[in-house]
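These notes are about the structure you will find just below.
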Amino acid sequence: SYAIGCPVIGLNTLDVIANHILNETDIDEFSVIMDAQRQEFFAAHFCRDSFLKKPTNVEIVKREQLPDFCGDKPLYGPGTNRIPSDLAADLPIPESNFCSNSADWVANLVSQNDHLETNDCWNIKPNYFRLSAAEEKKSS
Numbered sequence: 078s079y080a081i082g083c084p085v086i087g088l089n090t091l092d093v094i095a096n097h098i099l100n101e102t103d104i105d106e107f108s109v110i111m112d113a114q115r116q117e118f119f120a121a122h123f124c125r126d127s128f129l130k131k132p133t134n135v136e137i138v139k140r141e142q143l144p145d146f147c148g149d150k151p152l153y154g155p156g157t158n159r160i161p162s163d164l165a166a167d168l169p170i171p172e173s174n175f176c177s178n179s180a181d182w183v184a185n186l187v188s189q190n191d192h193l194e195t196n197d198c199w200n201i202k203p204n205y206f207r208l209s210a211a212e213e214k215k216s217s
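Numbering (the working numbering), first residue to last: 78 to 217.
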């Protein structure tokens, strides 16, 4: 990006996975999770009608809270592989749960959305959803 002056687009991984699910299924509402370590998940709900029209509200959900978080909506994403089998048996996890993503999923999302914010490589900022373990230990 720096060498050729190409703009950079920051994408949330959960959004990339959600976009792929919307393109590959006819499901209107679902949740996507990723492993956040510490027996927690980064999680977000998605709805076909409002996808990318508002910022994705990413939550940190404890493993035991997953049934309440997803309710009866299908649960997708790489975090589904990290759910213990006794808990997973009670969750609506489809057989095709889109556990990984790829560069073509990212390209597809960008090509379908010309309103995504661009930045240069020096000004793009990551989204941190919680303190690191070292930061938490330091503040206690």
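Backbone N, C-alpha and C fix where the C-beta goes; we use that ideal spot for every residue, glycine too.
Measuring alpha carbon to alpha carbon, tell me which of the options ends up nearest residue i.
i	options	result
Phe119	Leu143, Asn96 and Lys214	Leu143
Asp191	Asn158, Leu168 and Lys130	Lys130
Gly148	Asp163, Ser179, Val109 and Pro161	Val109
Lys139	Lys202, Ala113 and Leu152	Ala113
Gly156	Asp163, Ile170 and Leu208	Ile170
Ala180	Tyr79, Asn96 and Pro203	Asn96
Asp145	Leu164, Arg159 and Gly154	Leu164
Asp103	Gln116, Pro151 and Met111	Pro151
Going by beta carbon distance, what residues of the same chain come within less than 8 Å of residue i, once the five residues before and after it are set aside?
i	result
Leu99	Phe123, Arg125 and Phe128
Determine which residues share a DSSP beta bridge with residue i and list them.
i	result
Ala121	Val109
Val138	Phe118
Leu152	Ser108
Thr195	Ile86
Beta-carbon separation of residue i and residue j under 7 Å?
i	j	result
Val183	Val93	yes
Gly87	Ile160	no
Ile137	Glu117	yes
Ignore the nearest five residues each way along the sequence and tell me which others in residue i's own chain have a CB closer than 7 Å to its CB.
i	result
Thr133	Asn89, Leu91, Asp92 and Ala121
Phe206	Phe119, Val135 and Ile137
Report all residues from its chain with a CB closer than 6 Å to the CB of residue i; omit the five preceding and five following residues, and keep chain order.
i	result
Ser78	Val85 and Cys198
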